[in-house]
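Q: Counting in full-length UniProt numbering, the sequence shown runs from 1 upward without gaps. Where is the CB? At the ideal position from N, CA and C, for every residue including glycine.
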Amino acid sequence: MTPDLIQRHPRIEALFDAYSERFGKDQTAYRNHIYRVVNLVASQRALSDEELEQLAIAGFFHDAGIWLAGTFDYLEPSARLAGHYLEEQGLLEWTPTVEALILNHHKVSRFSQDTLDLAEMFRRADWIDVSLGLLRFGLPSARIRRIREAFPNAGFHTLLLKLSGQQLLSQPWRPLPMLRR
């Protein structure tokens, strides 16, 4: 468990520098969501340096397909973008882990029975954030509150509601295409 908050991560910041124009006015909202998720994962158990780097990459790309691929059905496009990045960085051996984090973060059920599995922790962290802390998965509410105070919402949940509404109007038979069982 990481006692102090991860305020900035060089890889996340470098990725935002590379893609800043693509996020437009949503950049702060998405950046804060990423840091909330990263900190919620780090609050579940100690991470190795390699796991933290994998988490930073998956964190940046996990919802990025919304902006970088222009779709609300963004899991596969987000995983592909992360895969291209890993290839460019010479980190192909991380592809299975990073893809597992991205492709399974919207599973409604557990990804793994091992609660300390990185992909399972990432899934829970995203659900904690998306639920505004109503789901806690055993994390202390004070810790969740501290993370939310350090990285304000900045309109992220409003954006999700707007995108969900647009998806519902355009494809009512697939209102939340990113959810997995």
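Beta-carbon separation of L101 and A58 under 8 angstroms?
A: Against a cut-off of 8 angstroms, the Cβ pair of A58 and L101 comes out as a contact.
Q: Taking the C-alpha atoms as reference points, what is the distance between N153 and N32?
A: For N153 and N32, the distance between alpha carbons rounds to 7 angstroms.
Q: Are I12 and A69 touching if we call contact CB-CB under 8 angstroms?
A: Not a contact, by the Cβ cut-off of 8 angstroms.
Q: What do you get for L47, buried or exposed, if any count of 16 or more other CB atoms within 10 angstroms of its CB means buried?
A: Flag for L47 reads buried.
Q: Nearest to L132 by CA position, among F16, K25 and V37, is which residue?
A: Nearest of F16, K25 and V37 to L132, Cα basis: V37.
Q: Quick check on H106: buried or exposed, where buried means 16 or more other Cβ atoms within 10 Å of its Cβ?
A: So H106 counts as buried.
Q: Specify whether the segment 142–158 and the segment 13–29 touch according to this definition: at least 3 beta carbon pairs, one from each stretch, less than 8 angstroms apart.
A: Yes: at least three Cβ pairs fall under 8 angstroms.
Q: Take I128 and list the residues in its own chain whose beta-carbon comes closer than 7 angstroms to its own, dropping the five residues that flank it on each side.
A: Hits under 7 angstroms: L40, L135, R136, F137, L139 and I144.
Q: Just verifying my parser: in three-state terms, what is the DSSP assignment at G24?
A: Helix.
Q: How far does the alpha helix (DSSP H) with H84 in it reach, from first residue to last?
A: Note, H84: alpha helix (DSSP H), L75 to E88.
Q: Classify A46 as helix, strand or coil using the three-state DSSP reduction.
A: DSSP places A46 in coil when its eight states are reduced to three.
Q: Could you name the residues of the same chain whose beta carbon sits closer than 7 angstroms to that of P77, not counting the 5 residues immediately before and after it, in chain order?
A: Cβ neighbours of P77 beyond the five flanking positions: G65, A69 and T71.
Q: Less than 8 angstroms separating the beta-carbons of L118 and T97?
A: Result yes, Cβ atoms of L118 and T97 sit closer than 8 angstroms.
Q: For A125, does the count of other Cβ atoms within 10 angstroms reach 16, so buried, or fall short, so exposed?
A: Buried: at least 16 other Cβ atoms inside 10 Å.
Q: Please list, in chain order, all residues of the same chain as D63 whose beta carbon is under 8 angstroms from its beta carbon, the five residues on each side excluded.
A: For D63, where only same-chain residues beyond five positions count, the Cβ hits under 8 angstroms are Y30, H33, Y74 and S78.
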